[in-house]
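Written out below as structure tokens is the structure these notes cover.
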Amino acid sequence: MFRRVQPQRAFEAVTVQLEGAILGGAFAQGERLPPERELQREFAVSRNTLRESLRVLEQKGLVEIRKGQRGGVFVKPVNAEPMAEQLRIFLQSRGVTLAELSEFRQDLEGLLARRAALRCRGRGRKALDQLLARAAALAAEGPARWEEFMAADRDIHLALAHLAGNPLHRVFLETVHHNVHRRHIRAFLPRSLAVIRATLSELEALVDAVRRGDGERAEWIAREHVARATRIMQRAAARKPKENPT
């Protein structure tokens, strides 16, 4: 499966081949890579070289190195978490504000909602209905299921991104949602029944517009959905220093 590599900077060549094999589908998610000795022999490299390569893959989020009797190197599901962490660092280092992040989200989510409405068909409608039903069930249980409800809200937005048809949009949206939840929603969005009900009402209207193919209304609702949550968080953030003086 793999080619022998040259001794100079061998770990980089090993990394390139292993990464290509993983991303190319040679190994399924959760599958264990061949044992170290087998990989050493196939690549014709030392144990240290191979382990250096595996550490690089682990840092990239492509594999998980487990210790113990059932240990080994396992392929991880590829997701947006590493990218989300890099975006978090970038946003904090550049001092990007909640208002600026909200403006970006309104533009992106409005566009995706409009496109989803134009492209939504049978399976897409069914998927949205199922996600909305889950959100409604969680909302009925109130603030006790807050985290799960917010996850359901996110899943609906990601489903719209999927329906819009461009995988890059979904990746960026997932990354942005991860950062908004981590930096702002957890800190400033009240975990109240009123917020849950208002959010669910907007999600219902959004899904309805998408199902009916009304792109203009879907875009407006998506933008207002983000804007309303932002206003609530901005008010909460403005009060927080007064309530918790430093």
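Take the sequence shown: its letter number 150 is residue 154 in my numbering, and every next letter is one higher. In this text, a Cβ means the ideal position worked out from N, Cα and C, and glycines have one as well. Model, not experiment: these values are computed from the prediction.
| Item | Value |
| --- | --- |
| Using the Cα positions of Asp133 and Thr53, report the straight-line distance between them to the nearest angstrom. | 51 Å |
| Figure out for me which residue from Pro39, Leu177, Gly34 has the closest Cα to the Cα of Arg267. | Residue 267 lies beyond the stretch modelled for the chain, which goes from 5 to 250, so this question has no answer here. |
| Leaving out five residues before and five after Gln33 in sequence, what residues of the same chain have Cβ atoms less than 6 Å from its Cβ? | Val79, Pro81 |
| Report the three-state DSSP secondary structure of Val184 (helix, strand or coil). | helix |
| Looking only at its own chain, which residues have a Cβ that is under 7 Å from the Cβ of Trp150, when we skip the five neighbours before and after it? | Arg195 |
| Straight-line CA distance for Gly126 to Ala137? | 17 Å |
| Hey, how far is the Cα of Cys124 from the Cα of Ser205? | 20 Å |
| With burial defined as no fewer than 16 other Cβ atoms inside 10 Å of the residue's Cβ, what is the status of Glu35: buried or exposed? | exposed |
| Since Ile225 and Ala209 should fall inside the 8 Å C-beta cutoff, what is the C-beta to C-beta distance between them, to a whole number of angstroms? | 5 Å |
| Please tell me whether Leu116 and Leu164 are closer than 7 Å, where the distance is taken between their beta carbons. | yes |
| In the DSSP assignment, find the unbroken beta strand (DSSP E) run with Ile69 in it and report its ends. | 67 to 70 |
| DSSP state of Gly126, grouped into three classes? | helix |
| Going by DSSP, which residues form a beta bridge with Val77? | Ile69 |
| Using the rule of at least 16 other Cβ atoms within 10 Å of the residue's Cβ for burial, across every protein chain shown, is Phe94 buried or exposed? | exposed |
| Can you look up Arg158 in the DSSP assignment and give me helix, strand or coil? | helix |
| Exposed or buried, Gly219, counting other C-beta atoms within 10 Å across all chains shown (16 or more means buried)? | buried |
| Put Arg36 into one of helix, strand or coil per three-state DSSP. | strand |
| Would you mind sorting Met5 into buried or exposed? The rule is 16 or more other CB atoms within 10 Å of its CB. | exposed |
| Using only alpha-carbon positions, find the residue among Leu172, Thr101, Ala139 that is nearest to Arg235. | Thr101 |
| For the alpha helix (DSSP H) containing Ile189, name the first residue and the last one. | Careful: Ile189 lies outside any alpha helix (DSSP H) and carries neither H nor E. |
| Jot down the residue ranges of each uninterrupted alpha helix (DSSP H) in the segment 79 to 116, minimum 4 residues, whole runs only, in chain order. | 85 to 98 |
| So, with DSSP's three-state summary, where would you put Gly169? | coil |
| Can you tell me whether DSSP reads Val20 as helix, strand or coil? | helix |
| Do you know how far the Cα of Ala140 is from the Cα of Asp111? | 26 Å |
| Measure the CB-CB distance between Arg158 and His166 and report whether it falls below 7 Å. | no |
| With distance defined between alpha-carbon atoms, name the residue in Leu58, Arg92, Glu46 nearest to Gly183. | It should be pointed out that residue 183 corresponds to Asn in this sequence rather than to Gly. Of the candidates Leu58, Arg92, Glu46, the one whose C-alpha sits nearest the C-alpha of Asn183 is Arg92. |
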